[in-house]
Amino acid sequence: PQRKHVIQVDSVQRWMEDLRHMTEVE
Amino acid sequence: RAAQGRTYGNLGNTHYLLGNFRNAVVSHEQRLLIAKEFGDRSAERRAYCNLGNAYIFLGEFEVAAEHYKRTLQLARQLQDRAVEAQACYSLGNTYTLLQDYERAIDYHLKHLIIAQDLNDRIGEGRACWSLGNAYTALGNHDQAMHFAEKHLEISRETGDRS
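In structure tokens form, the structure reads like this:
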């Protein structure tokens, strides 16, 4: 079956939102 | 030299938080170099993780995945299960961005097992959510339903209404 080219994955979006202000601090 | 290493790390983080991802990469590469000079594997592990994160926002997902794999290797060497789980979660999400759902599932399952071992219900819930989405993308609706039900159960338990 053909897959949709672009998918909006809500769990990935949530991860990226968290990632945007996450840093490994020295 | 050790202080330079720490400063490059802090500088990289500040560039990252400001949204200057190219500069963040330059700084974290320097931090990585110095960590290697000192044989400081914890610092090396942090640098790889920070580099992976920056490459995500540069849209270079393959490069991000390579850095997360190094993070995962070092987390295993350092026997840090929480960091190992985090690296697996990052890899699962990165492979989802790359639309490689089989690989995404492999890493999300690894994350799920560690979250269960660590009794991390929030982590477990995230793993189930991610697995449900990856199986949906593959058209495997039975597995998607299984993980959606697990996610619902855990969300109720943790009081996560969203």
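First to last, the sequence lines map onto chains A and B. Residue numbering for the first sequence is 263 to 288, as defined by this note's numbering. Residue numbering for the second sequence is -3 to 158, as defined by this note's numbering. Backbone N, C-alpha and C define an ideal beta-carbon position, used for all residues, glycine too. A quick note: this is a predicted structure, and the numbers were derived from the prediction, not measured.
For secondary structure counted as the alpha helix (DSSP H) over 4 or more consecutive residues, the segment 81 to 143 of chain B holds these complete runs in sequence order: 97 to 113, 117 to 134. Secondary structure within the segment 21 to 88 of chain B: the alpha helix (DSSP H) runs of 4 or more consecutive residues, fully enclosed, are 37 to 53, 57 to 73 (chain order). The count of Cβ pairs closer than 8 Å, one atom from the segment 53 to 69 of chain B and one from the segment 84 to 100 of chain B, reaches three, so the stretches are in contact. Pairwise C-beta distances place the segment 273 to 280 of chain A out of contact with the segment 2 to 22 of chain B, as fewer than three of them are shorter than 8 Å. Check the Cα spacing between B:Ala61 and each of B:His24, B:Phe17, B:Cys45: the tightest is with B:Cys45.
Rounded to whole angstroms, the separation of the alpha carbons of B:Gly135 and B:Asn129 is 10 Å.
Taking C-beta separations shorter than 7 Å and ignoring five residues to either side along the sequence, the partners of B:Ile150 in its chain run Arg117, Glu120, Gly121, Cys124, following chain order.
For the pair of segments examined, the segment 25 to 32 of chain B was found not to touch the segment 48 to 56 of chain B: the number of CB pairs separated by less than 8 Å stays below three.
In this structure, B:Gly1 is the residue among B:Gly1, B:Leu105, B:Ala111, B:Glu153 with its C-alpha nearest to the C-alpha of B:Arg42.
Rounded to the nearest whole angstrom, the C-alpha separation of B:Glu40 and B:Ser126 is 28 Å. Per DSSP, the continuous alpha helix (DSSP H) segment holding A:Val274 begins and ends at 272 to 281. Note on B:Gln82: 16 or more other CB atoms within 10 angstroms of its CB, so buried under the neighbour-count rule.
The DSSP-derived three-state label of A:Thr285 is coil.
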